[in-house]
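For reference, the structure discussed in these notes is given below.
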């Protein structure tokens with residue numbers, strides 16, 4: 194890669210096999226130069242990732258309602274049977 198290639202810097206940081214402390218420090222140095230709004234978005238993104246990967250997952254109210262609705266429909270036998278599901282797949286495979 195040429196020294197003036199804009200992807201040269203990214204190749205080591207964008208797709209690492211594992212993020213090293215050094216790579217994280219380099220990334221944070223670059224983030225420090227970003228506008229405040231971009232930095233705030235970066236922090237929110239990291240917090241979202243951490244929430245999804247650390248500890249138990251907490252359903253949102255909408256997700257909880259969707260699960261409850263699905264369970265109710267299952268109890269009321271409102272779900273499609275195997276033949277109906279197969280018919281839909283057959284129709285869209287054609």
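In my numbering, the protein residues as written are 194 to 287.
Don't be surprised by glycine CBs; every beta carbon is placed ideally from N, CA and C.
These figures come from a predicted structure and were not determined experimentally.
task = Label residue 194 either buried or exposed according to how many other C-beta atoms from any shown protein chain fall within 10 Å of its C-beta, with 16 as the threshold for buried.
result = On the chain shown, residue 194 is found 1 positions in, with the first residue counted as 1. Low per-residue confidence applies at residue 194: pLDDT is 46, beneath 50, and the placement is therefore not dependable, though the value from the model is reported in the following sentence. Flag for residue 194 reads exposed.
Beta-carbon proximity check, residue 230 vs residue 224, cutoff 8 Å = Reading the chain shown from its first residue, position 37 is the one you call residue 230. Reading the chain shown from its first residue, position 31 is the one you call residue 224. No. Outside cutoff.
message = Need the endpoints of the alpha helix (DSSP H) that residue 272 sits in, please.
response = In the chain shown, counting from the first residue as 1, residue 272 sits at position 79. Premise fails: residue 272 is in no alpha helix (DSSP H) and is neither H nor E.
ask   = Is it right to say residue 200 is buried, meaning 16 or more other beta carbons lie within 10 angstroms of its own, or is it exposed?
value = As a working note, residue 200 is residue 7 in the chain shown. Unreliable positioning characterises residue 200 in this predicted model, as indicated by a pLDDT of 48, which lies under 50. A coordinate reading is not provided.
query = What number of angstroms, rounded off, separates the C-alpha of residue 269 from the C-alpha of residue 216?
reply = The residue you call residue 269 lines up with position 76 of the chain shown. The residue you call residue 216 lines up with position 23 of the chain shown. Whole-angstrom Cα-Cα distance: 53 Å.
message = Quick check on the DSSP output: the alpha helix (DSSP H) that includes residue 244 runs from which residue to which?
response = Working through the chain shown from its first residue, we reach residue 244 at position 51. From DSSP, the alpha helix (DSSP H) with residue 244 extends over 229–246.
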